[in-house]
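Residue numbers (the numbering used here): 920 to 1056. C-beta atoms are modelled at their ideal positions from N, C-alpha and C, and glycine is treated no differently. All of these numbers come straight from a predicted model, not from anything done at the bench.
Given below as structure tokens:
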């Protein structure tokens, strides 16, 4: 954020972005970039432009699906109750260990695509659901 920019969160009103050879080379108020020659102009109609978001802690690769547990939590079930019924993290560990590499990749792909649709351009993927070296490798 540039403290010299007036506006909330460093927002630039009536802004322009100068791009040359596929790289951003200048950002500023439209009037400040008026002297630049534009090969193409896009009017974004007041929409926000933001750098790509970074998700620095994801557990993107895992087996199974715990969506039902989310519903149970909303209905008041405790984590302990869910675990006693066979759910929880141990269920994820078991499903991860039973899944093939191809299955894990296919399950992770839509999760990654959803992050990308939300503006995330960089992810750091943590493992851990295998809980032992053979399952993690």
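The beta carbon of residue 1012 lies closer than 6 Å to those of 1048, 1050 in the same chain, with the five residues before and after it left out. Distance from the CA atom of residue 966 to the CA atom of residue 982, rounded to whole angstroms, is 38 Å.
Taking a contact as a CB-CB distance under 8 Å, the pair residue 973 and residue 988 does not count as one, their CB atoms being some 28 Å apart. Check the Cα spacing between residue 940 and each of 1037, 952, 959: the tightest is with 959. Residue state for residue 1008 is assigned as helix, using DSSP reduced to three classes. The three-state secondary structure of residue 974, taken from DSSP, is strand.
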